[in-house]
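See structure below.
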Amino acid sequence: MTKSNAEFPVLTIDAVPGREIASALGLVRGSTVRAKHVGSDIVASLRNLVGGEIREYQQLLAASREQALDRMIADAKELGADAVVGVRMQTSTITQSASEVVFYGTAVRLV
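The opening residue of the sequence shown carries number 129 in this note's numbering; numbering runs sequentially from there.
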């Protein structure tokens with residue numbers, strides 16, 4: 129996975145191709161917890177009856193991923209990083225109606 133920003137690489141691999149890592153600055157992370165909306169639940173329940181993509185949940189999760197990723201990048205920039213390597217994403221259920229999305233990786237300074 130690579131965040132499409134050539135100025136600040138975010139990579140799942142442990143290196144930045146074509147660049148040398150000068151120092152590792154440490155673990156950085158970003159997370160968000162989102163709850164489902166009752167209205168979305170009703171629409172999603174109806175979609176479950178007929179099948180197909182549940183757009184309301186897809187949009188909720190996409191926004192959650194972007195916010196968590198942006199927060200991780202902001203955390204890395206606060207440390208003076210030029211990139212984040214070894215990035216992973218994890219999700220967990222907090223309650224029946226809320227989930228957490230977490231991105232984490234190693235902030236690095238490049239030569």
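We put the beta carbon where it would ideally sit given N, CA and C, even for glycine.
Cβ neighbour criterion (16 or more within 10 Å) applied to residue i
| i | result |
| --- | --- |
| Ser225 | exposed |
| Ile222 | exposed |
| Ser227 | buried |
Local conformation of residue i per DSSP, three classes
| i | result |
| --- | --- |
| Gln218 | strand |
| Ala196 | helix |
| Ala204 | helix |
For residue i: DSSP bridge partner residues
| i | result |
| --- | --- |
| Gly233 | Val156 |
| Arg162 | Ser227 |
| Ala211 | Val236 |
Anticipated Cβ contact below 8 Å, residue i with residue j, distance rounded
| i | j | result |
| --- | --- | --- |
| Leu238 | Ile149 | 6 Å |
| Met200 | Gly154 | With 8 Å as the limit, Met200 and Gly154 do not qualify as a contact, their Cβ atoms being about 12 Å apart. |
| Thr229 | Asp210 | The sequence given here places Val at residue 229; Thr does not occur at that position. The pair is not a contact, with the Cβ atoms about 24 Å apart (cut-off 8 Å). |
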